[in-house]
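Q: So that we are looking at the same thing, I have put the structure below in structure tokens.
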Amino acid sequence: MKTKSGALRQHRNVLTRAERIASLSEVEHFDKDSDSPLGLVKVGHRKPKVKKKVKKVESDDS
Numbered sequence: 053m054k055t056k057s058g059a060l061r062q063h064r065n066v067l068t069r070a071e072r073i074a075s076l077s078e079v080e081h082f083d084k085d086s087d088s089p090l091g092l093v094k095v096g097h098r099k100p101k102v103k104k105k106v107k108k109v110e111s112d113d114s
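Under the working numbering, think of the first position of the sequence shown as 53, with each following residue one higher.
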């Protein structure tokens, strides 16, 4: 499978199993000792929206 050079730095909707385990472990929904890594639940991975900067308008009081 060919990939782009910067593909891993871009936002991906599908997480790897290791990334899902890490995400679930942070919120204590997965225990590495007792839970199976197979059949994991879906993990939402949303791209945060970037807010646009508001341009400042300069006013002349001459």
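Virtual Cβ for every residue (Gly too), placed ideally from N, Cα, C.
Along the chain, where does the alpha helix (DSSP H) containing S75 start, and where does it finish?
A: S75: member of the alpha helix (DSSP H) spanning 69 to 78, first to last residue.
Q: May I have the straight-line CA-CA distance separating V79 from N65, to the nearest angstrom?
A: 19 Å
Q: Ignore the nearest five residues each way along the sequence and tell me which others in I73's own chain have a CB closer than 8 Å to its CB.
A: F82, K84, P89, L92
Q: From the DSSP output, in three-state form, read off R64 for me.
A: coil
Q: Out of G96, K108, K103, V109, which one is the CA nearest neighbour of H63?
A: With distances taken between Cα atoms, H63 lies closest to G96.
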